Amino acid sequence: MRSQSDCPEIVSSHFNLTVGVGQNVTLTCDRQTRHYTYLYWIRLVSGNFPEFLGGTFAANVEDFVQTYRITTKQEPGKFVLYIPEAQLSDTAIYYCITVKTFKMAFMKGTFLTIKGKYRPEPDVTDITQDSLSDPVHPGDSVTLQCSVLSDSQNKPCPGGHSVFWFRAGSDESNPSFIYSHGNSGAGCETSLEARSPQKCVYSFSKNISSSDAGTYYCAVATCGEILFGNGTKLEVEVIGTCDSDNIIVLLLCAAVSVSLIVIGVLVYAFKKKSCDCCKGKRHYAFIDLLNCFPTVLYLFKTSAIYVEMRTQEEDVQERRRSTVMSGLL
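Heads up, the working numbering is the position in the sequence shown plus 63, with the first residue counted as 1.
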């Protein structure tokens, strides 16, 4: 048996990684020691539940976890996953996640493919994604489609294939997992012709928010390999609601200011004209004046209620953006 030092080592900092059987693999995840968080490595294999590989504090501690052959440990500024002498069964999606005050976030994902001499070739010949011609707006419902062509002459791999959806942000960050179709033949069309390819169409629908802009990738896992589509770019066009809201608030404030000026002028006129004011009854005249202008009071109330509603709406949107879709796993 070869020693670990005789095996070539692959260090991953990419989203997609392919290595040969017997190579050593090192996956790294950034670790910020100033944050009181937990870091975990997990892996996802098609058709199985997520598998825990190791965890640690973000702070500097002497932490070392070994699960079967796989080892996780802290290094300066990093949380490292080490796979010695990779096997075909190590093909999976590896994720580094953080947990802080009951909030989970996916930091980094790596598609690890192990290629061996006797691995069957995938029967998938093409993955095509439809493009979106026009930008969408927050609140719109968008359906993305992915067409998978497979060669009917090749014997399909055991377990068939699974389809996943990923999103890469506008800053070209590592794609994040958002949806899985699982191992399903739904949506597949089988041609009567012997040599014609089989076509399977997978759809993914989503209500769009302003934070959903990016490139969406369809990925097919089959025969121990992961094949990507060409990607669908989604542009979210945000209407300037903030500007229109500010204009409404300014108009309300201007109306209130004008009303106050009118009240002041009328109060002055009442003082000059009314004899009752000279006999110590000025406060009655002022009360009567307010009763004559209920519209002013209505404007005051409308402005306060509108500002409060906008503040509550912005708080709700902020909480929604910070929610992590951990339930997809």
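Think of the CB as a built atom: it goes at the ideal place given N, C-alpha and C, for glycine as much as any other residue. Just so we're clear, the structure is a prediction, and the values are computed from it rather than from any experiment.
CB of residue i within 8 Å of CB of residue j, strictly
i: THR81; j: TYR145; result: no
i: TYR158; j: ILE241; result: no
i: LEU107; j: ALA155; result: yes
i: VAL283; j: VAL187; result: yes
i: VAL162; j: THR100; result: yes
i: GLY118; j: GLN192; result: no
i: ASN270; j: SER204; result: yes
i: CYS281; j: MET170; result: no
i: SER268; j: VAL299; result: no
i: SER210; j: THR295; result: no
i: VAL290; j: GLY277; result: This sequence places Leu at residue 290; Val is not what is there. Going by C-beta atoms, LEU290 is not nearer than 8 Å to GLY277.
Coil, strand or helix - residue i by DSSP
i: ASP93; result: strand
i: PHE333; result: helix
i: ASP189; result: strand
i: VAL108; result: coil
i: SER272; result: coil
i: VAL325; result: helix
i: SER152; result: helix
i: VAL301; result: coil
i: SER320; result: helix
i: VAL84; result: coil
i: LEU315; result: helix
i: PHE78; result: coil
i: CYS340; result: Below a pLDDT of 50, predicted positions are generally treated as unreliable, and CYS340, at 46, falls in that range; the measurement from the model is reported next regardless. Three-state result, CYS340: helix.
i: THR285; result: strand
Residue i versus residue j - alpha carbon distance
i: ARG94; j: MET167; result: 15 Å
i: ASP197; j: GLU148; result: 48 Å
i: ASN87; j: ILE177; result: 11 Å
i: PHE227; j: PRO201; result: 24 Å
i: GLY343; j: GLY327; result: Reliability of the predicted coordinates at GLY343 is poor, the pLDDT of 49 falling under 50, and the value obtained from them is presented with this limitation in mind. Rounded to the nearest angstrom, the two C-alpha atoms are 19 Å apart.
i: GLY85; j: SER266; result: 38 Å
i: LEU212; j: ARG230; result: 22 Å
i: GLY83; j: GLU184; result: 15 Å
i: ILE324; j: ALA317; result: 11 Å
i: SER152; j: LYS262; result: 28 Å
i: LEU207; j: TYR279; result: 8 Å
i: PRO113; j: GLY172; result: 13 Å
i: CYS49; j: GLY179; result: The shown model of the chain, from 64 to 392, leaves out residue 49, and the question about it has no answer.
i: VAL199; j: ILE311; result: 26 Å
i: THR135; j: ASP275; result: 33 Å
i: GLU138; j: GLU288; result: 30 Å
i: ASN111; j: ILE133; result: 18 Å
i: PRO260; j: VAL301; result: 41 Å
i: ASP214; j: GLY232; result: 33 Å
i: CYS355; j: LEU315; result: At CYS355, the pLDDT of 48 sits below 50, so the modelled position is not reliable; the number obtained from the coordinates is stated separately. Spanning the two alpha carbons is a distance of roughly 20 Å.
i: LYS141; j: LEU313; result: 51 Å
i: CYS340; j: PHE333; result: Residue confidence for CYS340 is low, a pLDDT of 46 falling below 50, so the modelled location carries little weight and cannot support an answer.
i: LEU329; j: LYS335; result: 10 Å
i: ARG345; j: TYR331; result: At ARG345, the pLDDT of 49 sits below 50, so the modelled position is not reliable; the number obtained from the coordinates is stated separately. Taking the straight line from one Cα to the other gives about 11 Å.
i: SER239; j: SER322; result: 55 Å
Min CB distance residue i to chain C below 8 Å
i: ILE105; result: Within the model displayed, chain C is absent; a lone protein chain is all it includes.
Cβ distance (whole Å) where residue i is taken to contact residue j below 8 Å
i: ILE160; j: TYR103; result: 5 Å
i: PHE419; j: PHE174; result: No answer is possible for residue 419: the residues shown for the chain start at 64 and end at 392.
i: HIS244; j: THR285; result: Wrong, their Cβ atoms sit about 13 Å apart, outside the cutoff.
heavy atom of the ligand GTP below 7 Å from residue i C-beta
i: VAL205; result: This structure lacks the ligand GTP, and indeed carries no ligand of any kind.
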